[in-house]
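From first to last, the protein sequence lines stand for chains X and F. Going by this note's numbering, the first residue of the first sequence is number 3, and it counts up by one from there. Going by this note's numbering, the first residue of the second sequence is number 95, and it counts up by one from there. Here a beta-carbon is modelled for each residue, glycine too, at the ideal position from N, C-alpha and C. All figures in this text were calculated on a predicted structure; none of them were measured in a lab.
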Amino acid sequence: MEAGLLAIGKGLAYGLAAIGPGIGIGIVAGKAVEAMARQPEMAGRLQTTMFIGVAFTEALALLGFVLTFLLG
Amino acid sequence: MANAANPMELLPEKITELVHELSVLPYDNMHHEGPVTGPFVLTNYVVWGLIALATVMVLMIVVSSREKKQMALAAQSGDVRALAPANRLVSVIEAGVEFIRDMAVDVIGQKDGPKYVPLLGTFFFLILTSNIFGLIPGGKSIGGAVGGTVALALIAWLVFVWVGFTKNGFIGYFKSLIPSGVRAMPLAARIGLGGYIFLLEFVSTFFIRPLTLAVRLFANLYAGHIILGVFSAFVVIFMQRITAGGLAVGAVSLLFLIIMYAFELFVAFIQAYVFTILTAVYIQSSVHASEH
Numbered sequence: 003m004e005a006g007l008l009a010i011g012k013g014l015a016y017g018l019a020a021i022g023p024g025i026g027i028g029i030v031a032g033k034a035v036e037a038m039a040r041q042p043e044m045a046g047r048l049q050t051t052m053f054i055g056v057a058f059t060e061a062l063a064l065l066g067f068v069l070t071f072l073l074g
Numbered sequence: 095m096a097n098a099a100n101p102m103e104l105l106p107e108k109i110t111e112l113v114h115e116l117s118v119l120p121y122d123n124m125h126h127e128g129p130v131t132g133p134f135v136l137t138n139y140v141v142w143g144l145i146a147l148a149t150v151m152v153l154m155i156v157v158s159s160r161e162k163k164q165m166a167l168a169a170q171s172g173d174v175r176a177l178a179p180a181n182r183l184v185s186v187i188e189a190g191v192e193f194i195r196d197m198a199v200d201v202i203g204q205k206d207g208p209k210y211v212p213l214l215g216t217f218f219f220l221i222l223t224s225n226i227f228g229l230i231p232g233g234k235s236i237g238g239a240v241g242g243t244v245a246l247a248l249i250a251w252l253v254f255v256w257v258g259f260t261k262n263g264f265i266g267y268f269k270s271l272i273p274s275g276v277r278a279m280p281l282a283a284r285i286g287l288g289g290y291i292f293l294l295e296f297v298s299t300f301f302i303r304p305l306t307l308a309v310r311l312f313a314n315l316y317a318g319h320i321i322l323g324v325f326s327a328f329v330v331i332f333m334q335r336i337t338a339g340g341l342a343v344g345a346v347s348l349l350f351l352i353i354m355y356a357f358e359l360f361v362a363f364i365q366a367y368v369f370t371i372l373t374a375v376y377i378q379s380s381v382h383a384s385e386h
């Protein structure tokens, strides 16, 4: 019983933590593509900025991923 | 084994095996019970990390000593053709170094950037080489174990905190955590809002930054290794069943495994890049702390 609840909790911890960053990374990448299409000559710098933005957004999902292991 | 009623029943056993293989073990004993906890054990991750380090060092020393010789030759004879890269490997390394230098100048700035190229270059090439070694079956990447990534993140953390303190002074660095706009506000707002922002920025700079730097690298690589392992297990389990359905599922898994392997090669590069550029961004925020 307890092991089953723990497994459900682990799944929920990571699953819920992934929702926000998933949407966030989608917005970051989408906007970056939009900006690159408007100004292709800025593509290099936009890409760098996009990766930094993605890395910061991703951090929240990663905390959830680690929590999954900590729960076990 | 092969005639088990349901092939999926074999999966949990394979997963346990996989997690065991990915854990930190002594390099000469794969069947060691559980992960190593003792401090002075030569583990598989340490051995593979040292191999990656040695590879990067040898490559860089050989290429740079040749470049120096060719530069002297070109200066002496005036023949610029001596400066051309000798072969493909040299051009790749030159392009990589140039990539890091451009990134450092771009992010940190024209004046302070070049000083940090050796550090950023070491991070980039070491992590990239190690990640690629981690994709060799049986190989291990530094990023595949928490200890390795925490060590790398601690080095980055020490550097940017050290730069922050030496560039801005002890009090100045803490003061710079509060935006200049808030510092110009009336006293009550300065204490209330400033204190709140200071708390957030303090936790973010000194705890969250190194933590996410370490966890990001580990989580991405560990997840990648697990995915590759699970699909390999699928291929092995289903290919043992000589039925049309078994073979079909096995073949699809094999195809997906190959696609994921290519994707993991991409992740190996992206994670090395992200680690390096975030270190550069953190150093930049320490160098120019008093400006915002």
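- In the three-state reduction of the DSSP assignment, THR373 (chain F) falls in the helix class.
- Within its own chain, the residues whose Cβ lies closer than 6 Å to the Cβ of THR149 (chain F), once the five positions on either side in sequence are excluded, are THR223, listed in chain order.
- For ILE377 (chain F), no Cβ of chain X is located within less than 8 Å of the residue's own Cβ.
- At a C-beta separation below 7 Å, VAL368 (chain F) has these neighbours in chain X: PHE53, ALA57.
- As the crow flies, the alpha-carbon of VAL199 (chain F) is around 8 Å from that of ASP206 (chain F).
- Scanning chain F for C-beta atoms nearer than 7 Å to the C-beta of LEU64 (chain X) yields THR306, VAL309, ARG310, ALA313, reported in chain order.
- Taking a cut-off of 8 Å for Cβ pairs, the stretch 343–351 of chain F and the stretch 219–233 of chain F do not touch, as fewer than three such pairs fall below it.
- In the same chain as ALA239 (chain F), and ignoring 5 residues on each side of it, the C-beta atoms closer than 7 Å to its own belong to VAL118, TYR139, in chain order.
- The residues MET52, GLY55, VAL56, THR59, in chain order, have a CB closer than 7 Å to that of VAL30 (chain X) in the same chain once the five nearest residues on each side in sequence are set aside.
- Bounds of any alpha helix (DSSP H) do not take in SER298 (chain F), whose DSSP letter is neither H nor E.
- Taking a C-beta distance under 8 Å as the contact criterion, ALA383 (chain F) and LYS261 (chain F) qualify as a contact pair.
- Rounded to whole angstroms, the separation of the alpha carbons of THR370 (chain F) and ILE155 (chain F) is 21 Å.
- Taking 8 Å as the cut-off, the Cβ atoms of LEU315 (chain F) and SER235 (chain F) count as close.
- The three-state secondary structure of THR131 (chain F), taken from DSSP, is coil.
- Under the DSSP definition of a beta bridge, PRO304 (chain F) lacks any partner.
- Using a C-beta cut-off of 8 Å, the stretch 247–261 of chain F makes no contact with the stretch 328–340 of chain F, since fewer than three inter-stretch Cβ pairs fall below that distance.
- At least one CB of chain F lies nearer than 8 Å to the CB of GLU60 (chain X).
- Against chain X, the beta carbon of ASP200 (chain F) has neighbours under 8 Å at ARG47, THR50, listed in chain order.
- Comparing C-alpha distances from TRP142 (chain F) to each of F:LEU105, F:ILE230, F:VAL211 shows the shortest one belongs to F:ILE230.
- Close partners of VAL68 (chain X) in chain F (Cβ separation under 8 Å): VAL309, ALA313.
- Between the alpha carbons of VAL297 (chain F) and GLY241 (chain F) lies a gap of roughly 22 Å.
- Per DSSP, the continuous alpha helix (DSSP H) segment holding HIS114 (chain F) begins and ends at 105–116.
- Counting only runs of 3+ residues, no beta strand (DSSP E) is found wholly inside the stretch 118–172 of chain F.
- Among the residues facing chain X, ILE226 (chain F) is not included, as its CB has no counterpart in that chain under 8 Å away.
- The stretch 353–373 of chain F makes contact with the stretch 302–311 of chain F, as at least three CB pairs between them are under 8 Å.
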